[in-house]
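*Asks:*
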Amino acid sequence: PGPSMNQQPSEYPDDAEDDGPTYPCPDCGRSFRASVLEKHARICKKVFVQKRKPFDVVANRLGEFDNASELIAKAKRLEQ
835 PGPSMNQQPS EYPDDAEDDG PTYPCPDCGR SFRASVLEKH ARICKKVFVQ
885 KRKPFDVVAN RLGEFDNASE LIAKAKRLEQ
């Protein structure tokens with residue numbers, strides 16, 4: 835019998851054979867094999883070190899109006 839329709843071939847067939855021990859990422863806590871952890875840690879550090887400013891829903895939704903700054907200020911006063 836051939837592979838089932840739900841199974842997809844591995845993009846990295848060499849990696850599928852290496853089922854060695856896994857180690858947690860110091861930044862996100864996900865576990866990876868030692869051969870992959872180094873590359874993941876570099877990328878993960880870039881993602882988790884940067885602080886994103888909070889998304890302002892009010893400013894995003896009201897930004898298109900002519901009097902947007904007034905509406906945003908009023909919405910912030912009502913929030914408090």
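Sequential numbering from 835 applies to the sequence shown in the working numbering.
Here a beta-carbon is modelled for each residue, glycine too, at the ideal position from N, C-alpha and C.
Every value quoted in this text rests on a predicted model; they were computed, and no experiment measured them.
#1: Compute the Euclidean distance between the alpha carbons of S869 and V881, then round it to the nearest angstrom.
#2: Distance, Cα to Cα, A893 vs G863?
#3: Can you grab the Cα-Cα spacing for the pair Y905 / D890, in whole Å?
#4: At the level of alpha carbons, what is the spacing between C859 and V883?
#5: Looking only at its own chain, which residues have a Cβ that is under 7 Å from the Cβ of Y857, when we skip the five neighbours before and after it?
*Replies:* In terms of the structure at hand:
#1: Here residue 869 corresponds to residue number 35 of the sequence shown, with the count starting at 1. Here residue 881 corresponds to residue number 47 of the sequence shown, with the count starting at 1. Going by the C-alpha atoms only, they are around 20 Å apart.
#2: Within the sequence shown, the letter at position 59 stands for residue 893. Within the sequence shown, the letter at position 29 stands for residue 863. Straight-line Cα distance between these residues: approximately 34 Å.
#3: Sequence index remark: in the sequence shown, residue 905 carries index 71 (1-based). Sequence index remark: in the sequence shown, residue 890 carries index 56 (1-based). Residue 905 is actually Leu in this sequence, not Tyr. Straight-line Cα distance between these residues: approximately 13 Å.
#4: Position 25 of the sequence shown, counted from the start, is the residue given in the question as residue 859. Position 49 of the sequence shown, counted from the start, is the residue given in the question as residue 883. Near 14 Å, if we compare the C-alpha coordinates of V883 and C859.
#5: In the sequence shown, residue 857 corresponds to position 23, counting from 1. Once the five neighbours on either side are set aside, the close Cβ partners of Y857 are S865, F866, A868, L871.
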